[in-house]
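Our numbering runs 3 ahead of the 1-based position in the sequence shown. Glycine included, each C-beta is placed from N, C-alpha and C at the ideal position.
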Amino acid sequence: MPEDTAPSRVARSAAPTAAVVIVAILLVTMIALSIWYLTRREPLVVQGEVQSRTFDMAARVDGRVAKVEVDRSANVKQGAPLIRIDNPELIAKYTQSEADLAVAEAELARVQAGFRAETIAVRKAQTERAEADVTLAQQTYDRKRTLAASHDAPQSDLDKATAELAVAQRGLEQARFAYNEAVSGYTREDLGIARSKVEAAKAGVETLKSLVDQMVVVAPADSQVFRIPIEDGEFVLPGTPLITLVDLADMWVQFDLREDLLRNLKVGTKLGVRVPALHDRLVELEVRVIGAKGEYTGWRATRATGDFDLRTFEVRAYPTAAVEGLRPGMSVYTDWSDLHL
């Protein structure tokens, strides 16, 4: 056999050395990756939802939708008409209540004015006639009594004259009462009754007017039309949802967080969140509300692991500046571990 030359022996010794180096590099890399994987910080992504002040307008009266004055997504000013409801029966009742008020006010004016001069004159004349009747009845009674005493007239004539005198005296008494009433005017009780009738009529008018005013639904604030679940001509009842408005000037992001994530979080804390709908735009928020949610939701039973039950808190964070394009319902997210809470 030919003897090994020096170059061949060097080649054979270099090959195992290179393999050992590669294996060592791979081993070190695997160890480094394992250490990195075991010690790396897991991101804690928290998601929230953009919300805004919402107005759910419902019908206060029944009737048919006469006209929807606005379109969806339209911007409306406070007091702008949104929906008109037609109810002829309610309009008729309102007109009748106004007529009833006019009658009550006329009755009050009559009571306050008292009796007319013509009425007083008529009752005075009736009193004078009653006085004349009493005078005649008295004279007749005196004659009959004299004749009956001398037995020139039967006792029955005297009895008749006595009865006629009593009737005439009672008639005079009633005529004087009527005349004095006309001169003095109505009593305080009559005036109070008349005023009460006017107040009751006014209350009826105001009640129906408030319902008539509700036939036109107006915007309670500057807002944007979000939803219109009814159509023209549709019959609606009190409480039927008519339109939903959103106030884009009053928006916030709501987070539902376990209480163990609230460490050092307080009102005034600044947060940076991403909005996927706005190309992951970074938006700064300021926490303004932190409140516990109802006990029926958000509980996490952990007693089996020796921990405590964790409640869910509602956190509201408001943008520190106006964000163009931000809409209610959009999602936001942030890495909560970056906040060092």
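Item                                                                                                   : Value
Residues near Arg179 by beta carbon distance below 7 Å, same chain, minus five either side             : Thr130
The alpha helix (DSSP H) enclosing Glu317, as first and last residue numbers                           : It is not in any alpha helix (DSSP H) - Glu317 instead sits in the beta strand (DSSP E) that spans 315-322.
Start-to-end residues for the alpha helix (DSSP H) that takes in Ile94                                 : 91-116
Pairwise C-alpha distance: Val220 and Pro422                                                           : No answer is possible for residue 422: the residues shown for the chain start at 4 and end at 344.
Helix, strand or coil at Val64 according to DSSP, with G and I counted as helix                        : coil
Reduced DSSP secondary structure (H/G/I, E/B, other) of Asp338                                         : strand
At least three beta-carbon pairs within less than 8 Å, the stretch 262-281 to the stretch 325-337      : yes
Cβ neighbours of Leu260 in the same chain (closer than 6 Å, five flanking residues each side left out) : Phe316, Val318
Whole-angstrom distance between Gln172 and Gln99, CA atom to CA atom                                   : 48 Å
Cβ-Cβ distance between Thr243 and Ile233 below 9 Å                                                     : yes
Meets three-Cβ-pair contact criterion under 8 Å: the stretch 87-105 and the stretch 206-220            : yes
Residue range of the unbroken alpha helix (DSSP H) whose run includes Gly294                           : Here Gly294 belongs to no alpha helix (DSSP H); instead the beta strand (DSSP E) covers 284-295.
Simplified DSSP state of Val208, which is helix, strand or coil                                        : helix
Lys269 (DSSP reduced to helix, strand or coil)                                                         : coil
Cross-strand partners of Gly275 (DSSP beta bridge)                                                     : Glu287
DSSP state of Ile196 mapped onto helix, strand, coil                                                   : helix
Beta-ladder partner(s) of Ile88, from DSSP                                                             : Val68
Backbone CA spacing between Gln141 and Ala102 [nearest angstrom]                                       : 53 Å
Rounded C-alpha distance that separates Ala69 from Asp235                                              : 6 Å
Between the CA atoms of Asp225 and Leu211 - distance to the nearest angstrom                           : 28 Å
Own chain, CB closer than 7 Å to Pro241, minus 5 neighbours either side, in chain order                : Ala62, Arg63, Val64, Asp65
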